[in-house]
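Heads up, the final residue of the sequence shown is numbered 273 in this note's numbering, and it's a clean run with no missing numbers. Built from N, CA and C at the ideal position, the CB exists for glycine as well.
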Amino acid sequence: MVQQREKQFVERNVAKETIGMKSNHTTEERKRQLREELKRGYEEMAAINLSIVGEMFQIETEAEFSLLRQVSGV
């Protein structure tokens, strides 16, 4: 009787440890996936932001030349 209870106790603890290990693995896998998703998102936004900066630089340059022409009377 005592041996049977000890065996059940050990089996339950092993089962709990296994569940805990699976849970930890799942959590770590989700963290890894989230990092990858964030990395891709930042890389995509970097390309978009670079494009916007290029367009804005051209607009700012044209505005500056236009202002200089107006100020100088040309």
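Take the alpha-carbon of Q232 and the one of A245: they are about 20 Å apart.
Cα atoms of M255 and N248: separation of roughly 10 Å, rounded to the nearest angstrom. Secondary structure of G253 (DSSP, three-state): helix.
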